[in-house]
Amino acid sequence: MNSDKLNTIEATFLVIIVTLAHIILNLPNTILSSVGSSAIINVLYISFLTFMFFLIINKLFSPFPGKDILDISEYIGGKTLKIITNILYTLSLTFTCGILILDFSEMLKLIYFPDAVVPFMVGIFLLTAVIVNKIGFKNVVKVNTLIVFVVLITVVIIFIASFSNVDYQRIFPIMGKGVNETFISGILNIYAFSGLIYLYLIKPNLKNEKDYKKVGIASITLSSLYLLLSVASLLLLFPFLTTGTETLSIYMSTRAIKLGKFFERSDALFILVWIFAFLAYLSVIISYLTKINKKVWNVKHSSPIIYIIALMTLIASLIPTSSEQIRFIEDYIYKYLSLFVVFVYSFIILLIGYLKKTNYMAKRRNSRKSIINIKH
Amino acid sequence: MSFLKNVIKSLFEDEVDSANSFVLPETTQGDENKTVPEDLLKNKNVYPSLDVNLEYVNARFNSLINSDIKIREFLIHVKNKEYKAFLLYIDGMSDNDSINEFILKPLMLKNDANSSQENQVISQAITNNISVRKVKKFNITDYIYDSLLPQNDVEKVNSFDTISDDVVSGNCVLFIDTLDYAFDISTKKFETRSISEPKNEPIIRGSQEAFVENLRTNTSMIRRNLTNENLVIENLTVGKVDKNKCAVCYLKNIANNDLVAEVKYRINNIDVDYCSSVGELEQFIKDDITSTLPEAVSTERVDRAVSYLLQGRVVIVYNGCPYVLVVPITVFDFLKSQEDININHVAANLLKIIRAISVLLTLLLPGFYIAITTYHSELLPTDLLFSIVASRSSVPFMIIVEILIMEISFEIIREAGLRVPSNLGNTVGIVGTLILGQAAVEANIVSPILVIVVAITGITSFSVLDFSFSFHLRIARFVYTILGALSGFLGIAVGIFIHLAILCSLKSFGVPYLTPYAPINIKSKSKYLLKPAWKREYRDEWLATKRPKAQDEISLKWRKDKNI
Amino acid sequence: MANGVNSIDELAYVVAIGFDVGENSNLKISFQINMPSSAKEQSSGGESSESSSSVINTVECNSFDVGVSLLNSYLSKKVNMTHCKYLIFSEELASKGIGNYIYSLKNNVEVRPTCNILISKCSANYFLENSKSVIDEVAAKYFSLETSSEKNTSYTEAITLKDFFCDLSDSFGSPYAILGSVNGLDSNNVGGTNSSLDDKEYTAKESDTGTQKNIENLGLAVFKDDKLVGELSGLETITHLILSNRFQNATVNIPSPFNDSNYISLYIYSAKSRNSVQILNGTPYIKCNVNLEMKLLSSSQNANYMTDENKKLIEEYTNSYFLAHINNYLYKTSKEFQADVCKFGKYAVRHFLTLNSWNNYDWLNKYQDSFFKATVNSNLSSSYLLMETE
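Heads up: the sequence lines are chains A, B and C, in that order.
For the first sequence, the working numbering assigns the number 2 to the initial residue and increments by one for each residue that follows.
For the second sequence, the working numbering assigns the number 120 to the initial residue and increments by one for each residue that follows.
For the third sequence, the working numbering assigns the number 13 to the initial residue and increments by one for each residue that follows.
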């Protein structure tokens, strides 16, 4: 029964939800504040780089059909490296996930629930994710697919609705904070595509191995498109000097949307959609962590792992004590952590694995050749 | 203690992948679990001695207590000999006239045919003065079968199981001394409601024929409407004490083999004493026994059942119930009406969209109302907000109390209106909704806006065609109302999210409940909205039928031919 | 999670907030609060037109947020500003600078960025007291309709908190707001106090002549940084809208080319301005090329305005009329107010590569040195129902 296998769209949306969750919080804002008015160019630039990066990953993965990054690290460094990779993934994902949920809950508290206790709200999110995860991995994927559709449409609606207020002159000065900031230090904004982390894990779950490339290309294209849309609607709508310091940027842009005279204050509806997005994001992260941990630790039932991961996320969400710390963690720790995990560590593992495998195969070919030579 | 154990077990163990993993398109053919386990102790045959038989029958049918089990003992005169015999039937299920006229009369009367010579000469030939006579040896069985039972449907049976099954379905059985078998004579005739119009699924253009309680009538109606020799109607029995007949109907050349096997397997393996209706049967055979959602469509329309059969689904007819079950289904089948295919696809799609909107409204409107008025009042247009505030200004209750009062009283009115005799039902509706509602508003117990909200919710819930599906919506609506009251959009979002996950996890005979949207299949030919009648080329691909195409690429040949 | 603090029953909805200079403290804030009145009572009351559907509460305080909590202590219900339509600042307060208030209003979750900002020539409290509509019952509805009247007249522009805040924090231009006042309303003589011959020249003014007072939104209040520096009249606002490409439609009178003492009315339904800015030797050189599409509203006896020569004549008159006004407007904003309300900065910014160089250039202070070249092209497309009169 291959009921756990994903088709192309489901796999693509798994990757996209991570980017979407970050877009809803502060990703466009962070990019804007780091490069200024050249944000659109920067996004195009990092999208291109990510695209190239994925093509390399795809090439490196090619000798390992049906394997994920954990299998490859086991291939290189045995069980120890596999466990290290697993722990690194688990910790970094639960950490960022916890912080993100905390940030989102703080925002909800600020807007709608002034009396709410934030850890309690985080608890509600986690409880929902746990319940959904207990229903089954495949269901998380299915729900996620439905919800990403809704969120994607919503982002487009936001862009279209705010289109009438757009000043296209705001893309000037064209180089923003400078050429260096845009193209050299701006490379670091590639962390926006940290959803790529799934591309290291997703391969064994695909219905059709050949779809891997398709999934990667589709998810990167869509992610960058939506990043572009949201960055553009922020950049062109507001003076970037203010958005740089503004929290909840996308929320702010929805507050200005007027859908006719009747729906003047529709932002609560967008909040509804974003709660969906965050629930989906949380469920997806927990489900994937459960999956890899179940594999690594050889556990029969996934429920205990779900609880442990949810608990770890809750603990991570209790770490920061002020919104300033949340901002710092999101802008710096998360940035460098995901850069390290996604673009450095996993890449190196993959590269070593690839070299070892090809070397091994080359050797075998050579030895076979030499055997043939001897026979001759 | 065991309860606690179960709770802990359910918390820490996965139960998803163990019990029932029937998935339709991916299973291979050849499901072996088809055989019915038979009770060997009961498997008795007819004894040669009539007295023993009589005793056995008396014991088996409890005829001393049972008032409608009739045993008529009498003598048969055959060839001037007398045989003891008795007739077993159930009063009220058999046709008394035909028993009297065409069974007892020929058997009991001493007529000429009965008193003729012993051996009948079939042919006589004289060769060499030796006459050779071909004489048919007298055989009482053949004689009775051939000459004395002027009935169309007579079978010789020797198993008491068969006999008892047939007797309870209205046949009468003739036991004759010295014979170790009995004659099973079809004399079924019982009072049925005549075929009537569908009461609960009315449509305007289309057949006005509904199922009745009688299984045979129902299957004959299906057969009358579906003229194809591949229609298979297999009879199965459900229940150990009340052996009710049920018929599994499918088109042999279209329906998926595994699906048919799975349906029969499930029905055959229900170990219950009785099952009183299709509604109960549906709960016995559904995939997810804990969900409140129905996993089969039940319909009273013959044409609807037939069109489902033609799509490759399986129809289960249950004796004693004027509804039939259709499996497998998706959630979107509950939003289909037979009307849809009778009218233009644009109009049908408009209706379908309206139905989808009303499902959303009936599910979420009270929840959204309370969430918006309690937490998100800025979402309301200012004028509307002020009129809501004004209308609520003298209402003493909190909104949640108000809404629960209204919702519960609405449900009570609905239930009362259903249960009272039909000519009182209208009165209950009028008193309940009009007078009470008006008075409640006048007395400032509820606000008029809320009455509107509850009324819209009520009306939209009637546009959901399936009775059991609307039950699910009603239950979920209360949950959403409470969630909305507790934490506004956050609660509703959490509710919808979990609800969606549950919907995604459901299956109806191996078909995911939200097909083709989850798992997503962009290329699916069976989306929610209908295509024009001439473009419905494919059967629903998730049924994995043997004949995926229902129409030719060019179905309207006449158009093309004319152009050439 | 919550005890229903935000339930609509427990909230008092503010429809407009007025800011004045306080007598004892910094600020005097007036809140106009909607009174929920049951529809039933109104219908049975018969003469309900006199009953006001809103009340005005005034508090003295030092900051907006403290003012809100002071008001909360007066009222049984919690004040909620999500449905606030107007933020009114008195002229006196505005000329002292309102940046802080704008920032704290923008920081408030409840105050919507779509609130309109209005500078009243009288005190904000007085403005609110006289803001009862002649036509509408509900104050909020009246306010929301009032701002949309700019679509019909172009005498003002519906500036929202978001717009004002963006302009305030932006480096492209200077902020501006709606200008409003309480004017005497005499149905025979709307704007009667403006006795100028050219009836677009008037701005919102105060008058005590009418018995029934009504608010009037006309013209724009111009800010330099966060301080009020001047105002634009109705016609100047039309010019402003034309130059900043947000013009919708307007009716204007121009002196008749055929009869000196007469005017002809033109309905302008489309106006596009092609603006460009060049930096010549460090000073901006601003070019505006305006295209007008219009129809003729006036008609008189024995006149055929639509002949070729007459058409050309009217167009020429229009060109020169608007050119004069545009030049006047540009002069006024740059030299008098020194505030770039038209946001020519966005056309200038393309000449800069990075943010630093743009910020160093300091456009907002360079604008006053800029010189202009404006051209106007008008096209009279048709008249209305009467084609030609003999």
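Even glycine gets a Cβ: it sits at the ideal position worked out from N, Cα and C.
Since the model is a prediction, treat every value here as computed from it, not as a measurement.
Check                                                                                                                                                                         : Outcome
Closer than 7 Å by beta-carbon distance: list the chain A residues that pair up with Trp-375/C, in chain order.                                                               : Under the 7 Å cutoff, chain A gives no residues; its nearest Cβ is about 12 Å from Trp-375/C.
What would DSSP say about His-95/C, mapped onto helix, strand or coil?                                                                                                        : coil
Express the C-alpha separation of Gln-457/B and Arg-658/B in angstroms, rounding to a whole number.                                                                           : 16 Å
Using a Cβ-Cβ distance under 9 Å, would Val-180/A count as near chain C?                                                                                                      : yes
For a cutoff of 9 Å on Cβ pairs, would you count Lys-284/C as touching chain B?                                                                                               : no
Indicate whether at least one CB of chain A lies closer than 9 Å to the CB of Ala-380/B.                                                                                      : no
By the DSSP assignment, the beta strand (DSSP E) with Glu-321/C in it spans what residues?                                                                                    : Counting along the chain, Glu-321/C falls outside any beta strand (DSSP E), though it belongs to the alpha helix (DSSP H) covering 320 to 343.
Check the Cβ-Cβ distances between Lys-174/C and every residue of chain B, and say whether any is below 9 Å.                                                                   : no
Would a C-beta distance cut-off of 9 Å place Ala-490/B and Phe-330/B closer than the cut-off?                                                                                 : no
Is the beta carbon of Val-478/B sitting closer than 9 Å to the one on Phe-529/B?                                                                                              : no
In whole angstroms, give me the CA-to-CA distance for Glu-381/B and Lys-80/A.                                                                                                 : 44 Å
Does the beta carbon of Ile-617/B sit closer than 9 Å to a beta carbon anywhere in chain A?                                                                                   : yes
Would Ile-251/A count as contacting chain B if we go by Cβ distances under 9 Å?                                                                                               : no
So Asn-257/C is in the beta strand (DSSP E); what residue range does that whole segment cover?                                                                                : Taken as a continuous stretch (DSSP letters only), Asn-257/C belongs to no beta strand (DSSP E), as it is neither H nor E.
Taking Cys-134/C as the reference, which of Leu-308/C, Gly-109/C and Gly-30/C has the closest Cα?                                                                             : Gly-30/C
Under the DSSP definition of a beta bridge, which residues are partnered with Leu-230/A?                                                                                      : In the DSSP output, where bridge partners are listed per residue, Leu-230/A has none listed.
Restricting to Cα atoms, I'd like to know which of Ile-349/A, Ala-311/A, Val-300/A and Leu-237/A is closest to Pro-29/A.                                                      : Leu-237/A
Less than 9 Å separating the beta-carbons of Ala-189/C and Phe-177/C?                                                                                                         : no
Quick check on DSSP: helix, strand or coil for Ser-61/C?                                                                                                                      : Note that Ser-61/C has pLDDT 38, beneath the 50 cutoff, so the model's placement of it is unreliable and no number is given.
In chain C, which residues lie less than 9 Å from Pro-321/A when you measure between Cβ atoms?                                                                                : None at all; the shortest Cβ gap to chain C is about 21 Å.
Just checking, does the segment 44 to 52 of chain A make contact with the segment 174 to 182 of chain A on the three C-beta pairs under 8 Å criterion?                        : no
Alpha carbons only, please: which of Phe-55/A, Tyr-76/A and Ser-93/A is nearest the one belonging to Ile-350/A?                                                               : Tyr-76/A
Just to confirm, are Leu-633/B and Leu-622/B a CB contact at a threshold of 9 Å?                                                                                              : yes
I need the boundaries of the beta strand (DSSP E) containing Asp-216/B, first residue and last residue.                                                                       : Where Asp-216/B is concerned, there is no enclosing beta strand (DSSP E), although the alpha helix (DSSP H) it sits in stretches over 215 to 218.
Do you know whose CA, among Tyr-25/C, Cys-300/C and Asn-391/C, lies nearest Leu-325/C's CA?                                                                                   : Asn-391/C
On a Cα-Cα basis, can you pick out the residue from Gly-551/B, Gly-536/B and Val-550/B that is closest to Gly-544/B?                                                          : Gly-536/B
Please name the residues in the segment 595 to 613 of chain B whose beta-carbon is closer than 9 Å to at least one beta-carbon of chain A, in chain order.                    : Ser-606, Gly-607, Phe-608, Leu-609, Gly-610, Ile-611, Ala-612 and Val-613
Which partner residues of Phe-101/C appear in the DSSP bridge assignment?                                                                                                     : Phe-31/C and Ile-131/C
Just to confirm, is the Cβ distance from Asn-120/C to Met-93/C under 9 Å?                                                                                                     : yes
Measuring CB to CB, does Ile-435/B end up less than 9 Å from Ile-386/B?                                                                                                       : yes
Under 8 Å, with one C-beta from each stretch per pair, do the segment 361 to 377 of chain B and the segment 498 to 505 of chain B reach the 3-pair mark?                      : no
Excluding the 5 residues preceding and the 5 following Lys-153/B in the sequence, name in chain order all residues of the same chain whose CB lies nearer than 7 Å to its CB. : Legend: pLDDT at Lys-153/B = 36, less than 50; position of this residue unreliable, no value from coordinates given.
At a threshold of 8 Å, does Gln-326/A count as lining the ligand ATP (C-beta to nearest heavy atom)?                                                                          : Although the ligand ATP was asked about, the structure shown includes no ligands whatsoever.
Would Asp-268/A be called buried (16 or more neighbouring beta carbons within 10 Å of its own) or exposed?                                                                    : buried
Whole angstroms are fine: how far does the CA of Gly-67/A sit from the CA of Glu-210/A?                                                                                       : 7 Å
Counting only Cβ pairs nearer than 8 Å, list the residues of chain C close to Ile-175/A.                                                                                      : Arg-362 and Leu-365
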